[in-house]
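Last residue of the sequence shown: 206 in the working numbering, with the numbers rising by one and none dropped.
Report on the following structure.
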Amino acid sequence: MHRRRSSQRRPIRRRFCIEGLFFTVLGLALAYGTALGQADKKSGEDKPSLPRGSIVEDRAARRLMEAGDLRIEAGETDKGLELWRSVIERYPRSKVRFDAHMKLGEHHLAVLADHAKAKIHFEAVYSEENRNEDQRALALLKTGVCQFQARQYAQCFKVFRQVIKDYPVSQHVNRAYYYIGLGHFKQGHYGRAIESLEKVGTVMST
């Protein structure tokens, strides 16, 4: 009887050990992830894209973007979103349209939890017409995040691995490893989760 109880406890103890190790690694990953989150807000500003529309169009589009920002800050969300959309509609050749798509995608993802609509906007930013490679890398990562939050783990893993492959020195690679690890954990693949989370913070952006 004693042996049977002992044998039953071993899997439980083993699971606790695995989960304990996972949460230790996860804690380190989260600490690094906080810093990455702050960097996301500035992404796309360091490497300006080549202009497609005229300088006049870009300036007008930028003014609309700023007006939308002010509306959002004032709590007039619907009007702010409409101004961002108008940038895309009125200035389809301006590089500023990618900024509008990015903000609309973030709003649909973080505020409305509308993963499908958010993904459409991020995919627009990832367009080859966008010469801002850092912004494209972030948009690709966010596309994977949309799939991750929709629990489409097989699909999001492919996207995150594409981030790692196509942008090996980008700051967004660390976030890709983080989501891969978290996705494995949610599926109960603790060993794979730890393996991925241990890589968070190992890539230093240039």
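Heads up, the beta-carbon is just placed ideally off N, CA and C, and yes, glycines get one too.
Only a predicted model underlies this, so the values are computations on that prediction, with no experimental measurement involved.
- Residue burial annotation: Leu-112 is exposed, with fewer than 16 other C-beta atoms found within 10 angstroms of its C-beta.
- Counting along the chain, Tyr-179 sits inside the alpha helix (DSSP H) bounded by residues 172 to 186.
- Cys-156 is positioned such that its CB atom lies no closer than 8 Å to that of Ala-118.
- In this structure, DSSP gives His-189 a state outside helix and strand, which the three-state scheme calls coil.
- The segment 70 to 81 makes no contact with the segment 91 to 100, as fewer than three CB pairs between them are under 8 Å.
- Excluding residues up to 5 positions away in sequence, Pro-51, Ser-94, Lys-95, Val-96 lie with their Cβ nearer than 7 Å to the Cβ of Asp-58 in the same chain.
- Assigned with DSSP and collapsed to three states, Tyr-153 falls in helix.
- Residues of the same chain with a CB within less than 7 Å of the CB of Gln-187, apart from the 5 flanking positions on each side, are Tyr-153 in chain order.
- With three or more CB-CB distances shorter than 8 Å, the segment 135 to 146 counts as touching the segment 172 to 183.
- Secondary structure at Val-159: helix, using DSSP grouped into helix, strand and coil.
- Rounded to the nearest whole angstrom, the CA to CA distance from Phe-185 to Ala-193 is 5 Å.
- With a cutoff of 8 Å on beta-carbon distance, Gln-149 and His-189 are scored as not near each other.
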